[in-house]
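First comes the structure, then the notes that go with it.
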Amino acid sequence: MRRYRSPVDAKVALLAWYDREARDLPWRRTRDPYAIVVAEFMLQQTTVRRVTEKWRPFLDRFPTWSALAKAAPGAAIDAWRGLGYNRRALRLRELALEVMDRGGTLPQEPDALRRLPGVGTYTVSAIRAFVLGHDVATIDVNLRRVLGRWLFGREGVRDREVAAAAQAILPPGQAKEWNQALMDIGATICGVRAPRCLLCPIHPECRWAASEKIHRDDRSAGRRQGRFAGSSRQVRGRIVDLLRDHFPEPLSRAAAIERVKDALVVDSASVEAALLSLVRDGLVEDRVGPDTDLLVLPAARSPERKAQLGFRGR
Ligand code: SF4
1189 MRRYRSPVDA KVALLAWYDR EARDLPWRRT RDPYAIVVAE FMLQQTTVRR VTEKWRPFLD
1249 RFPTWSALAK AAPGAAIDAW RGLGYNRRAL RLRELALEVM DRGGTLPQEP DALRRLPGVG
1309 TYTVSAIRAF VLGHDVATID VNLRRVLGRW LFGREGVRDR EVAAAAQAIL PPGQAKEWNQ
1369 ALMDIGATIC GVRAPRCLLC PIHPECRWAA SEKIHRDDRS AGRRQGRFAG SSRQVRGRIV
1429 DLLRDHFPEP LSRAAAIERV KDALVVDSAS VEAALLSLVR DGLVEDRVGP DTDLLVLPAA
1489 RSPERKAQLG FRGR
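Residue numbers 1189 to 1502, in our numbering, belong to the letters of the sequence shown in order.
Structure (structure tokens):
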């Protein structure tokens, strides 16, 4: 692994900057593990601004692991409105069921955390750093960019190298502040296209700034998000939104398809394909009967599961 020096001064400057400039995000003010994990699930693929709007209403509806575990899958999807990537709502509810199976607490060991529904490498480190208080570096796309520029003078550094470097410079006992400080640098100063190095507390020790790469990186510019309009993701989202508007009532399949076609100006085949994938992912139920063909968000809980969790009669 490439060697780098420990930038002690930059660490002090970064924490002092965070003390002054930290973004005031509501989930940073709570110590409730459930509330923090809900935020982390939302933040996986949704902007901070949108999560800031949606996090509190979700908690008002499902304030605890237990409340979410007892909810129908469709209710969780319904409460996920506006966040996109609806499968996360199902995974979060599955996680709530798992936590309830464990007596209402998250496991502490990384391997056990990794086996939980919806919990990938980043979320394991986020739970460890922000919920359990472990000295663990969290590496998401923003931190990878900031740390790559700062410590290696470039982007595109291999994950393993960035993770090892991040872990090596982590100030013991300050994982929460440290990771959040780097997140805030990535969000407010060290952006993809135009890092504002002269405002950055890391600037005197940053290899990227020293090499005067304070210009747009062509490789980063090429990595833009794919076109959204007319995409399968947009069609899927529109179908789920339509069913949310009717939840818990079902909607005629034919009517739903026509409305999505008209709204997005896409063909039937695109809507059918998106619908098929939603059914396959468990986000939509397609109820076919002799005279009916209805779509609905998944509403039923398994009676066996309810009994197993002690929900009978509630
Ligand atoms: S000095 Fe510039 S490139 Fe380095 S971390 Fe700060 S904003 Fe990013």
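We treat Cβ as the ideally placed atom computed from N, Cα and C, and that holds for glycine.
Practice problem: Could you pull out every unbroken alpha helix (DSSP H) segment of at least 4 residues lying fully inside the stretch 1240-1267, listed in chain order? | Solution: 1253-1258 and 1261-1267
Quiz item: Do Ala1462 and Val1423 come within 7 Å of each other at the CB atom, strictly closer than that value?
Solution: yes
Exercise. Starting from Leu1482, follow its DSSP beta bridges and name the residues at the other end.
Key: Ser1440 and Arg1475
Quiz prompt | Cβ-Cβ distance between Thr1438 and Pro1261 below 7 Å | solution = The displayed chain sequence assigns Pro, not Thr, to residue 1438. Contact: no.
Quiz item: Between Lys1258 and Pro1251, what straight-line distance do the alpha-carbon atoms span, to the nearest angstrom?
Solution: 11 Å
Quiz item: Just reading off the alpha helix (DSSP H) that His1434 is part of, what are its end residues?
Solution: Ser1420 to His1434
Quiz item: Taking only runs of the alpha helix (DSSP H) that begin and end inside the stretch 1353-1406, which ones reach a length of at least 4 residues, in chain order?
Solution: Runs found: 1363-1376 and 1395-1398.
Quiz item: Quick one: what's got a C-beta closer than 6 Å to Arg1279's C-beta in the same chain, skipping five residues either side?
Solution: Pro1305 and Gly1306
Practice problem: Return yes when the C-beta of Arg1337 is under 6 Å from any heavy atom of the ligand SF4, and no when it is not. | Solution: yes
Quiz item: How about Leu1301 and Val1287: do their beta carbons lie closer than 7 Å?
Solution: no
Quiz item: Of the residues Trp1243, Thr1326 and Gly1418, which one's Cα is nearest the Cα of Arg1348?
Solution: Considering only Trp1243, Thr1326 and Gly1418, the residue with the shortest C-alpha distance to Arg1348 is Thr1326.
Exercise. Can you give me the Cβ contacts of Arg1412 inside the same chain, cut-off strictly under 7 Å, excluding the 5 residues immediately before and after it?
Key: Note on Arg1412: pLDDT 47, under 50, position unreliable in the model; the coordinate value appears next. Hits under 7 Å: none found.
Practice problem: Check each candidate in Ile1445, Gly1361 and Asn1367 and name the one with the smallest Cα separation from Cys1351. | Solution: The sequence shown places Ala at residue 1351, not Cys. Selected option, being the one with the closest Cα: Asn1367.
Quiz item: What's the C-alpha gap between Arg1333 and Leu1202?
Solution: 16 Å
Quiz prompt | Ile1224: first and last residue of the uninterrupted alpha helix (DSSP H) it sits in | solution = Counting along the chain, the alpha helix (DSSP H) containing Ile1224 begins and ends at Pro1221 to Leu1231.
Self-check item: Cα-Cα separation, Arg1228 to Ala1314
Solution: It should be noted that the sequence gives Glu, not Arg, for residue 1228. Linking Glu1228 to Ala1314 through their CA atoms gives a straight-line distance of about 7 Å.
Quiz item: So does Trp1396 have its beta carbon nearer than 6 Å to some heavy atom of the ligand SF4?
Solution: Yes, the Cβ of Trp1396 comes within 6 Å of a heavy atom of the ligand SF4.
Self-check item: Reduced DSSP category for Ser1408 - H, G, I as helix; E, B as strand; rest coil
Solution: Summary for Ser1408: the model assigns pLDDT 42, below 50, so the residue's position carries little reliability; its value from the coordinates is reported in the next sentence. In this structure, Ser1408 counts as helix in the three-state DSSP scheme.
Quiz item: Shortest alpha-carbon distance to Tyr1273 belongs to which of Arg1468, Val1428 and Thr1240?
Solution: Val1428
Quiz item: For the putative contact between Ala1363 and Val1324, defined by C-beta atoms under 8 Å, what is the C-beta separation to the nearest angstrom?
Solution: 6 Å
Exercise. Name the two residues that bound the continuous alpha helix (DSSP H) containing Pro1304.
Key: What sits at residue 1304 in the sequence shown is Leu, not Pro. Segment: none, Leu1304 is in no alpha helix (DSSP H) and carries neither H nor E.
Quiz item: Taking Cβ positions, are Leu1331 and Leu1370 nearer each other than 7 Å?
Solution: yes
Practice problem: Examine the ligand SF4 and report whether any of its heavy atoms sits within less than 6 Å of the Cβ of Pro1383. | Solution: yes
Quiz item: By Cβ distance below 6 Å, which residues in the same chain neighbour Pro1436 in space, the five residues on each side in sequence not counted?
Solution: Ala1487
Exercise. Could you tell me the distance, in whole angstroms, from the CA atom of Cys1378 to the CA atom of Gly1336?
Key: 11 Å
Quiz item: Would the C-beta of His1391 count as close to the ligand SF4, meaning under 6 Å from any of its heavy atoms?
Solution: Checking the Cβ of His1391 against the ligand SF4 gives yes.
Quiz prompt | Three-state class that DSSP yields for Phe1416 in the structure shown | solution = DSSP, read as helix, strand or coil, puts Phe1416 in coil.
Quiz item: Should Val1380 and Ile1224 be called a contact, given that it needs their Cβ atoms to be closer than 7 Å?
Solution: no
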